[in-house]
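Residue numbers for the sequence shown follow the working numbering, so the first one is 6 and each next one is one higher. The C-beta atom is built at its ideal place from N, Cα and C for all residues, glycine as well. The structure appears right after this line, and notes come after that.
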Amino acid sequence: MKILLMGHPNVGKSVFFNRLTGAKVMESNYPGTTVDFTKGWMRLEGEDVELIDVPGAFSLEPKDRAEEVAVKMLEENRDSVVVCVLDASKVERGLYLALEIIERGYPVVVALNMWDVAEDKNIKIEVEKLERILGVPVVPTTAISGEGFKELVSKIKEAAPVKIEKIIESASGVRVATSAGEGGGGESAAVSG
Ligand SMILES: Nc1nc2c(ncn2[C@@H]2O[C@H](COP(=O)(O)OP(=O)(O)OP(=O)(O)O)[C@@H](O)[C@H]2O)c(=O)[nH]1
Ligand SMILES: [Mg+2]
């Protein structure tokens, strides 16, 4: 098993990586490119697991070399768990990538990083609701302080593939309840602010 850290550029993947890995890290070029990536190891339930800081990508339909490398790394590491790092202060922008990765059948843990920034901006995210809709663990994190990392690490081994149809079903359930104007206990969008 390997762990791939994926997400948009500038969401905190490298701070994340440094926090999770020990001193032994290797930086290299992806073969045949000038795209750099770093890999290292972390201890997970008594096992040494390789962790890769994948170049930032907005989607799995590559528009530049870094995104091409990100997609190749994903495809070359079919046995990986993907920790998809989102910027919690712009969560809706990152969800598309998370869904693409889930759709390809990878076990995913979603990290809502920059949680401190989201809190400062008074953005409220209903984490449990998002978790229910996606069917994957969702953990708020602040990489610069380490907040949420213990929980995140504990969720990595729980991650399992989810059928995209299931997500569409739970998400459309949400939409139906909202458009029907059912207040109170009715489901509504998980993100506001
Ligand atoms: N406030 C806050 N800042 C963060 C957090 N995580 C990362 N940062 C900062 O965000 C900036 C980007 O972090 P990086 O780790 O370099 O982001 P990245 O995703 O590796 O970026 P690329 O490698 O360019 O794709 C840095 O200035 C970090 O210090 C966080 O949880 N909260
Ligand atoms: Mg980085």
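Closer than 7 Å: residue i CB and nearest ligand 1 heavy atom
{"i": "N15", "result": "yes"}
{"i": "V88", "result": "no"}
{"i": "G178", "result": "no"}
{"i": "I234", "result": "The requested residue 234 is not part of the displayed model; the chain covers only 6 to 198."}
{"i": "G12", "result": "yes"}
{"i": "M78", "result": "no"}
{"i": "D121", "result": "yes"}
{"i": "N118", "result": "yes"}
{"i": "G45", "result": "no"}
{"i": "G61", "result": "yes"}
Residue i beta carbon near ligand 2 (any heavy atom closer than 7 Å)
{"i": "K18", "result": "yes"}
{"i": "F92", "result": "As written in the sequence, residue 92 is Asp, which differs from the Phe given in the question. Incorrect: D92 has no Cβ contact closer than 7 Å to ligand 2."}
{"i": "D69", "result": "no"}
{"i": "D58", "result": "yes"}
Enclosing alpha helix (DSSP H) for residue i [first to last residue]
{"i": "R24", "result": "18–25"}
{"i": "G99", "result": "96–108"}
{"i": "L49", "result": "Premise fails: L49 lies in the beta strand (DSSP E), 41–49, not in any alpha helix (DSSP H)."}
{"i": "I138", "result": "132–139"}
{"i": "E156", "result": "154–161"}
Reference residue i; option with closest CA among the options
{"i": "I161", "options": "D92, R98, P145, V88", "result": "V88"}
{"i": "G17", "options": "E73, S94, K29", "result": "S94"}
{"i": "E72", "options": "N82, A165, F154, G61", "result": "G61"}
{"i": "E66", "options": "S33, R109, V143", "result": "R109"}
{"i": "I130", "options": "G37, S150, L104, L100", "result": "L100"}
{"i": "I149", "options": "T43, E50, M119, P142", "result": "M119"}
{"i": "M78", "options": "V30, K7, A123", "result": "K7"}
{"i": "D121", "options": "E136, G153, L102", "result": "G153"}
{"i": "G45", "options": "A123, N82, E55", "result": "E55"}
{"i": "F42", "options": "G51, E50, E52, D58", "result": "D58"}
{"i": "I172", "options": "R83, G140, T146", "result": "G140"}
{"i": "W53", "options": "I128, T38, V30", "result": "One detail in the question is off: residue 53 reads as Asp in this sequence, not Trp. Of I128, T38, V30, the residue nearest in Cα terms is V30."}
{"i": "V113", "options": "A28, V158, K134, K126", "result": "V158"}
{"i": "R98", "options": "L9, L10, P14", "result": "P14"}
{"i": "G37", "options": "G151, V96, R70", "result": "R70"}
Terminal residues of the beta strand (DSSP E) in which residue i lies
{"i": "D58", "result": "52–58"}
{"i": "M78", "result": "Unbroken run through M78 is the alpha helix (DSSP H), 70–81; no beta strand (DSSP E)."}
{"i": "V88", "result": "85–92"}
{"i": "A116", "result": "113–118"}
Residue i burial status per 10 Å Cβ neighbour count (16 or more: buried)
{"i": "N34", "result": "exposed"}
{"i": "G189", "result": "Summary for G189: the model assigns pLDDT 42, below 50, so the residue's position carries little reliability, and this model does not support an answer."}
{"i": "I106", "result": "buried"}
{"i": "T1", "result": "This structure cannot speak to residue 1, because the chain is shown only from 6 to 198."}
8 Å Cβ cutoff, residue i in contact with chain B
{"i": "I130", "result": "Looking at the structure shown, chain B is missing, and only one protein chain is on hand."}
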